[in-house]
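Structure record follows, encoded as structure tokens.
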Ligand code: 1BN
Ligand code: ZN
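In this note's numbering, the protein residues as written are 1284 to 1674.
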């Protein structure tokens, strides 16, 4: 039987014992002796639980959490969760596994978000180069996302359509990834992944504008995949989560309501027709929030209760100074959803570089964004999901 750090620290009275004491207790109860380095427990009989120290076979001490998931190092050679379970009675074993799955999920959630992982995804994605619609980088960006979701066996779909643009019909594709939950209803997180067509001749890679938030959502997908895999039915505990990688957010010629947000306008209309919009509890859009100097504005087209909820999530981590110090209204991919009554928020930092001088310029490169900002973003997105689940 194994127990996570929460169990050993929070629920079980702690006392130090030696390895020989533990082995004697095991022998009395016909338990298999544990291996050095194993996390062990004989709480039911002896009330002791912890992890055998690899440094000394003589001392048994509670140690670091023996949990693992994306971004959490599993000790090389550490036994799997199932192998660690060695208690006798089937029912107790099953209950123990369930408890462990719940506690492991809580432990994953308790970790700070892995912004370094999000940054690495963003770096790979920006390295594709400019991703303007109809260009070669756009095809590569689609291939990157497709290959990524296929490799991870995610439930994903490509929502391909033809947009009517100032340069004629253009084929665009939104990518939608689903993580089913136990509660009826869905939380939607979105970003755009393409780059600006008018900037196609200046090597504009959109490290912040497109790549950073694509990296963020890919790292969020890793967390959701890990959380799902911890449960027996492979579902999230709360609402389903859908991640959308929108195409065609940028203007093809000049930003206007009809020349921008092609992917979100298409999907919101489609989901309005097929009833999907009615299931959406909240839509959180991420845009340009990889900026090293993070300064997220209160976007005034966004839904007030959702702004408050995100502020509450930020407060939990002491991140207030990065959020909502200024207000601004921005037309973005959330508007087609706002207009159809879906509670929505644009989490955007439209203050990028001195006097916004990096925005839509060749200066929008990886050195202007940071893993730290992506950690802040990820923490707040994950906590916002939790708060929406609890509403
Ligand atoms: C976001 C990224 N946007 C364009 N690239 C939308 C936007 C429109 C942001 C107007 C600020 C002002
Ligand atoms: Zn842009």
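Where is the CB? At the ideal position from N, CA and C, for every residue including glycine.
On a predicted model such as this, the values are computed, not experimentally measured, just so you know.
Comparing C-alpha distances from residue 1606 to each of 1521, 1664, 1519 shows the shortest one belongs to 1664. Nearest C-alpha to residue 1526 among 1611, 1440, 1448: 1440.
Note: residue 1602 is not bridge-paired with any residue in the DSSP secondary-structure output.
Every residue with a CB closer than 6 Å to a heavy atom of ligand 1 is listed here in chain order: 1492, 1533, 1538, 1570, 1571, 1613, 1614, 1615, 1633. The Cβ-Cβ distance between residue 1583 and residue 1627 does not fall below 9 Å. Per DSSP, reduced to three states, the secondary structure at residue 1551 is helical.
The beta carbon of residue 1479 sits closer than 8 Å to at least one heavy atom of ligand 2.
Residue 1542 holds the alpha-carbon nearest to the alpha-carbon of residue 1451 among 1495, 1407, 1542, 1538. Of the candidates 1648, 1654, 1672, 1520, 1648 places its Cα closest to the Cα of residue 1485. Checking the DSSP bridge columns, you'll see residue 1475 partnered with 1529.
At a cut-off of 8 Å, the beta-carbon of residue 1643 counts as near ligand 2: some heavy atom of the ligand is closer than that.
Taking 8 Å as the cut-off, the C-beta of residue 1555 does not count as close to any heavy atom of ligand 2. The beta carbons of residue 1479 and residue 1652 sit no closer together than 9 Å.
Its chain contains 1411, 1412, 1413, 1414 as the residues whose beta carbon lies nearer than 7 Å to that of residue 1420, once the 5 sequence neighbours on both sides are disregarded; these appear in chain order. For residue 1598, the closest C-alpha among the options 1660, 1672, 1465 is that of 1660. Between the stretch 1430 to 1439 and the stretch 1457 to 1470, the count of C-beta pairs closer than 8 Å reaches three or more; the two stretches touch.
Taking non-hydrogen atoms of ligand 2 into account, the C-beta of residue 1464 is found less than 8 Å away from none of them. Distances from the CA of residue 1417 to each of 1617, 1429, 1454, 1565 were compared; the closest alpha carbon is that of 1454. Counted as a single uninterrupted DSSP element, the stretch harbouring residue 1460 is not any alpha helix (DSSP H) but the beta strand (DSSP E) occupying residues 1451 to 1462. Around the Cβ of residue 1574, a 10 Å sphere holds 16 or more other Cβ atoms; the residue is buried.
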